[in-house]
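Report on one structure; see the data block that follows.
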Amino acid sequence: MQSQVKNTITNLLTVTLSLIVATALPMAAPPAKAEVITNTLHITLLGDSYSAGTGAGSYYGDEGSYRSHNNWAHKYVDWLNDQGAPAILTNLAFNGGVTNDLLKDRGQISQIPTDTDVVMFTIGGNDVHFSDIVKQCFTLGIRDPETCKQKVDAANSGLADVRTHTEEILQKIDDKLPDGAQVILVGYPRLATDNEYILSEWGSTYDAGTGVRGLSDAARTVQSELVNNWNAAHPGLKVTYIDGVIDAFSEHEPDPSVRNKNDYRWLNEFFETEGVEGEDGKTTSKPSKDTNVFYHPNLIGHAKIAELIQAKVGIPNSVRPQDLKGTVDIVFVMDSTGSMQDDATAARNNIRSIMEQTSKRSSSYRFALVDYKDHPQFDPNNYLARTDVDFTTDPAAIEQGFDSLTFEGGNLFNTNATVYSGTMQALGLKWRDGAKKIALVIGDAPPRDPEPGTGYTAESVAKAAYDVDPVSVYGINTNGALNSTEFQSLVSQSGGTITDAASPDEITGLINQAIDAELNKPFAWIQGPYVAKAGEAIEIDAAASHATKGELTRIEWDFNGDGTYEETSTSTRIHHTFTEVYSGVIGLRVTQTDGQTATATTRVDVTDDGDITPHESDNCPDVNNYGQSDYDGDGIGDDCDADPGFPTQDLPGVCVVGETCSNNPSNTPPSTTPTPSPSADPSSDSAPATPTGADSSSTRGQDGDRAAEAETALFTQTGQAWPAPEPTQTSRWMLATAPPAAPAVRQRYTSLPQGAEPSMT
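Spelled out as structure tokens, the structure:
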């Protein structure tokens, strides 16, 4: 996943044309209590901040992605697992994403696993610059009627392009996934309540509330038309449109007034995050100065979106028969020294029948080929290992890979081979999340332990296999020598087995036997990765784990990645407190009725403050500030800076009709004649204070667009959930802009006495 750390303001709102794409057949309503479905639903999440979960906390994944365990996709997957429909989620969404981030080479669509059943995404908000609309229409110190209208009009004009690019996204997904897929397109809420909200500047007004709400309605119309036209022309990828989000979120949008918060909001307003519903039904939130999280769904909002999907989609029908035993990735790890040619030929000549048998027993499969020889010091034709064919479903590709092998090299004076290098080469391939994983070593020589040049041992290779959400290492021993004590240890620790082949004719049957053994195991899965704060409990979710025969009888947990299971639980969801800083994997082992076991691992980073930034470079080392925002550039993060440098008044002449405008709404622009400096203690009906060095008559460029002059967006800090301000500070913030002819600079207005309101007339 590429890094997409965006400018703080650009990322303020990554919203509004929002899509969820799901592959499946026609969807069934969930039964009251669904039976366990053996086939695990594989769900992939794409898109921007509304998908990733910006503003929902509990972040993980790539830096700047804002992927959250609390997002609506995780909530929907949780619900599926609770219905007895095992489901796992691969989250590729990224804060700040635009349509091109999905479409481009190596973009999000290119990373969709081939066994994906459900693809979900939101996209389009950044394409039409909705963050600018929030800035220019709602943000104290930046908003003004003319620029707000310009941004809304431009967004309306841009909806046609977003529709075109969205159709390209659907087409690219259709090209990647098999027929029988379906798409769920989910609408998004309006960004303001229907309270009157009219911006004024020197008597020139714009009904910003109506304009912004109308834009959301226009987006819904565009989405509806897109769905209808797509379904008429594309029978292989059907789209279901969920248009109830606007109605469900009605009266739960942000209050456009900077003086008030909507007590029943489902989206974060300014200076808050992770809002939840209190006992009185009102929303309470955590404080945050990270501008990325504002105007994104809070925890209530994400839960409500998931409920809408549950109600209309239910449990997606899988395109695969329900008696199949999951997905599987298999790597042949082939000894290609001179003595192995007949055995390799036997495997090569039967690869089509092996794949055919695997297709009948699994819901999805891939094969790859790796070969190994011995250390080059023993023969110039030797090499440690190489990848001959990456994962594929094409039997011809595997056949060609076997044909490319040169059966030479080895060591005439020693029967060992670089078995460990071959296995490690296989472990380094791109395995699918949630697939059962097999590294099948076929050879006639044991490993050296430790291996010369690499230092690999049975223990180190077993640990590497465990860390890859484990890969089970199986062995087919063609003359008795592969079955050394060290190799037996590796195989045993990984959960595989070793079998002996008396002749090349037995190779095919033993390959099928190993694949059957792995597919008959239960399915183990941890929905990670996780980031936690030392000393605080987190929920670890393994609810997708299930038996393939009978039921799960034992659930065990390894919290330090050493392969020893310290705790047994009765539930696949548990809370655990890590008492010390730790970076590594945690493990799960499940046992089913017939005694067979399966393991799963995921990465966990336990830090001293709960975010992933290293302590030595963290600008708030004792505070969980995922975004690392630092408005005044003083090296102290905003979330731990007592004075982040935010200025404190609206722009000259700008006010809200009926709220902050004077009794005479037809205010006139100030005279160009110099006026005395404002008092340090302005009253609510005084003229707005002008920062030193700023000329109030030149705060607008000739094109009327302040966006080019403004630096980072700053927002209002209000509402009952916020701590009282410092005695010399006001609780309202705004952005001071420099004159167009001068470089942009940060300015602070004079602090107001405690309890005083800044002048906005």
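Numbering (the working numbering), first residue to last: 6 to 766.
Don't be surprised by glycine CBs; every beta carbon is placed ideally from N, CA and C.
Considering only residues of the same chain and omitting the five flanking positions on each side of Ile-356, which have a CB-CB separation below 7 Å?
Non-local beta-carbon contacts of Ile-356 in its own chain, meaning distances under 7 Å to residues more than five positions away in sequence, involve Pro-400, Ile-403, Glu-404 in chain order.
Would you identify the three-state DSSP class for Lys-266, choosing helix, strand or coil?
Lys-266 falls in the coil class under three-state DSSP.
Residue environment, Arg-111, which counts as buried when at least 16 other CB atoms sit within 10 Å
Its Cβ having fewer than 16 others within 10 Å, Arg-111 is exposed.
Ser-409: buried (16+ other C-beta within 10 angstroms of its C-beta) or exposed?
Burial call: exposed.
Taking its Cβ as the centre, do 16 or more other Cβ atoms sit within 10 Å of Lys-435, making it buried, or is it exposed?
Exposed, because fewer than 16 other Cβ atoms sit within 10 Å of the Cβ of Lys-435.
With DSSP collapsed to three states, give me the class of Tyr-556.
The residue you asked about is not Tyr; residue 556 is Glu in the sequence shown. In the structure shown, Glu-556 sits in coil (DSSP, three-state: anything other than H, G, I, E or B).
Can you tell me whether His-580 is buried or exposed? The criterion is at least 16 other CB atoms within 10 Å of its CB, across all chains shown.
Result: exposed.
What is the rounded straight-line gap between the Cα of Ile-531 and the Cα of Val-157?
Looking at the backbone, the Cα of Ile-531 and that of Val-157 are separated by about 43 Å.
Within the region 198-286, ranges of the alpha helix (DSSP H) (whole runs, at least 4 residues):
You should have 213-238, 250-253.
Under 7 Å between C-beta atoms of Gly-89 and Val-133
Judged by beta-carbon spacing, Val-133 lies beyond the 7 Å limit of Gly-89, meaning their Cβ atoms are not closer than that value.
Does DSSP put Lys-140 in a helix, a strand or coil?
Collapsing the DSSP output to three states places Lys-140 in a helix.
Candidates Asp-521, Arg-608, Cys-142: which alpha carbon is nearest Asp-67's?
Comparing C-alpha distances from Asp-67 to each of Asp-521, Arg-608, Cys-142 shows the shortest one belongs to Arg-608.
Excluding sequence positions up to five away, which residues of its chain have a Cβ less than 6 Å from the Cβ of Gln-315?
Closer than 6 Å at the Cβ level, and outside the excluded window around Gln-315, lie Trp-84.
Alpha-carbon spacing of Gln-430 relative to Asp-260, whole angstroms:
Here the alpha carbons of Asp-260 and Gln-430 stand approximately 56 Å from one another.
Which residue marks the beginning of the beta strand (DSSP E) containing Arg-594, and which one marks its end?
Counting along the chain, the unbroken beta strand (DSSP E) around Arg-594 starts and ends at 587-597.
Using the rule of at least 16 other Cβ atoms within 10 Å of the residue's Cβ for burial, across every protein chain shown, is Glu-277 buried or exposed?
Glu-277 should be labelled buried.
Pair every Cβ in the region 491-510 with every Cβ in the region 444-464, then say whether three or more of these pairs are closer than 8 Å.
Flag = yes, the region 491-510 and the region 444-464 touch.
Roughly how many angstroms lie between the CA atoms of Asp-347 and Pro-509, to the nearest whole one?
The straight-line gap from Cα to Cα measures roughly 6 Å.
List the endpoints of the continuous alpha helix (DSSP H) containing His-170.
150-181 is the extent of the alpha helix (DSSP H) around His-170.
Report the three-state DSSP secondary structure of Ile-114 (helix, strand or coil).
In this structure, Ile-114 counts as helix in the three-state DSSP scheme.
Beta carbon proximity, Tyr-570 to chain C, threshold 7 Å
No chain C appears in this structure, which consists of one protein chain only.
Starting from the C-beta of Ala-785, find all residues in its chain whose C-beta is less than 7 Å away, skip the five residues before and the five after it, and write them out in chain order.
Absent from the structure is residue 785, since the part of the chain shown begins at 6 and ends at 766.
Going by the beta-carbon positions, is the gap between Asp-122 and His-47 smaller than 7 Å?
Between Asp-122 and His-47, the CB-CB gap stays under 7 Å.
With DSSP as the reference, label Ser-465 as helix, strand or coil.
If DSSP states are grouped into helix, strand and coil, Ser-465 belongs with the helices.
What are the boundary residues of the beta strand (DSSP E) that includes Met-345?
No beta strand (DSSP E) contains Met-345, which DSSP labels as neither H nor E.
Could you check whether Ala-444 and Asn-421 sit closer than 7 Å to each other, using their CB atoms as the reference points?
For Asn-421 and Ala-444, no; Cβs fall outside 7 Å.
What residue does the alpha helix (DSSP H) around Tyr-425 start on, and which one ends it?
Per DSSP, the continuous alpha helix (DSSP H) segment holding Tyr-425 begins and ends at 424-432.
From the DSSP output, read off the bridge partner residues of Trp-77.
According to DSSP, Trp-77 bridges with nothing at all.
Lys-795 by DSSP, collapsed to three states: which one?
In this structure the chain extends from 6 to 766, so residue 795 is not present and cannot be described.
Going by the DSSP bridge assignment, what does Pro-292 pair with across the sheet?
According to DSSP, Pro-292 bridges with Glu-277.
Assuming Asn-105 is part of the alpha helix (DSSP H), what are its boundary residues?
Taken as a continuous stretch (DSSP letters only), the alpha helix (DSSP H) holding Asn-105 covers 104-108.
C-beta contact flag for Cys-625 and Gly-600 at 7 Å:
Contact flag unset, no.
Please look up how many angstroms separate the CB atoms of Asp-529 and Asn-86, rounded, as I've assumed it's under 8 Å.
For the sequence presented, residue 529 should be read as Ala rather than Asp. Not quite, the Cβ-Cβ distance comes to about 14 Å (not below 8 Å), so this is no contact.
Three-way DSSP call (helix, strand, coil) for Cys-625 in this model
DSSP, reduced to helix, strand and coil, places Cys-625 outside both helices and strands of the structure shown, so it counts as coil.
For the pair the region 205-219 and the region 142-159, tell me if three or more CB-CB distances fall below 8 Å.
At 8 Å Cβ cutoff, the stretches touch.
Please report how far the alpha carbon of Ala-486 lies from the alpha carbon of Ala-507, in whole angstroms.
Approximately 12 Å between the Cα atoms of the pair.
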